[in-house]
Amino acid sequence: MSLETASEEVKLAVDLIMLLEENQIPPQTVLAALAIVQRDFEKKARSPE
260 MSLETASEEV
270 KLAVDLIMLL
280 EENQIPPQTV
290 LAALAIVQRD
300 FEKKARSPE
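Throughout, the working numbering is defined as the position within the sequence shown, counted from one, plus 259.
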């Protein structure tokens, strides 16, 4: 599968991975930050706009 035909979430994931790797963010820092981001967006997904 090419990135051009990939879903939006795959494209976003690839962009995030590249950004984090280019900035040499330690894996444990990335995982901790992603947990925070996930909680935030899960909360937003449950809340009405």
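Yeah, the Cβ is synthetic: ideal placement off N, Cα and C, and Gly gets one too. Remember, predicted model here, so these are calculated numbers, not experimental data.
Residues of its chain near residue i, where Cβ-Cβ distance is below 8 Å and the 5 sequence neighbours each way are ignored
i, result
"A265", "V273"
7 Å Cβ shell around residue i - same chain, five flanking residues per side excluded
i, result
"K270", "L262"
Local conformation of residue i per DSSP, three classes
i, result
"A304", "helix"
"P286", "helix"
"A265", "coil"
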